[in-house]
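Enquirer: Residue 99 in my numbering sits at position 83 of the sequence shown, with consecutive numbering throughout.
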Amino acid sequence: MKFNFISQIGILACASALMFSPLAASAKPVEITDTAGRKVKLGLPAKRIVLGFYYQDYIAVGGKNALDNVVGFSKAVWSDWAPPS
17 MKFNFISQIG ILACASALMF SPLAASAKPV EITDTAGRKV KLGLPAKRIV
67 LGFYYQDYIA VGGKNALDNV VGFSKAVWSD WAPPS
């Protein structure tokens, strides 16, 4: 069960990264294969994004409005990995 959840987070992370790629300008769906071999087709750009890991990378490539579509993130990653400000 935990692996399945992590795989889904991986899919969402890939989809959110693709949202900011040149592919986002096209209306073609994108097919992503996760580590378990499951294929998922996504229409771009993503309207709702859940960040599991590496939110700093997402913010870095997403620009100033990167967090506008984020609807959730891992509290453990945010509080345990992020240095206090």
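From the three backbone atoms N, C-alpha and C, an ideal C-beta is built for every residue, glycine too.
Shorter than 8 Å from the beta carbon of Lys-55 to some beta carbon of chain C?
Expert: Among the chains of the structure shown, chain C does not appear; only one protein chain is present.
Enquirer: Mind checking which residues open and close the beta strand (DSSP E) that includes Gly-88?
Expert: Numbered from its first residue, the sequence shown carries residue 88 at position 72. Taken as a continuous stretch (DSSP letters only), the beta strand (DSSP E) holding Gly-88 covers 86-89.
Enquirer: Using the beta-carbon count (16 or more within 10 Å), is Tyr-71 buried or exposed?
Expert: Translated into positions along the sequence shown, residue 71 becomes position 55. Buried, by the Cβ-count rule.
Enquirer: Which of helix, strand or coil does DSSP assign to Leu-83?
Expert: Stepping through the sequence shown from its first residue, residue 83 is reached at position 67. It is helical.
Enquirer: Using a threshold of 8 Å, state whether the C-beta atoms of Phe-69 and Ser-90 are closer than that.
Expert: Position 53 of the sequence shown, counting from 1, holds the residue named residue 69. Position 74 of the sequence shown, counting from 1, holds the residue named residue 90. Contact: yes.
Enquirer: Within 10 angstroms of its Cβ, does Gly-78 collect 16 or more other Cβ (buried), or is it exposed?
Expert: Sequence index remark: in the sequence shown, residue 78 carries index 62 (1-based). By the 10 Å Cβ count, Gly-78 comes out buried.
Enquirer: If you drop the 5 nearest sequence neighbours on each side, which residues of the same chain put their C-beta closer than 8 Å to that of Leu-83?
Expert: Mapped onto the sequence shown, residue 83 falls at position 67. The residues are Ile-75.
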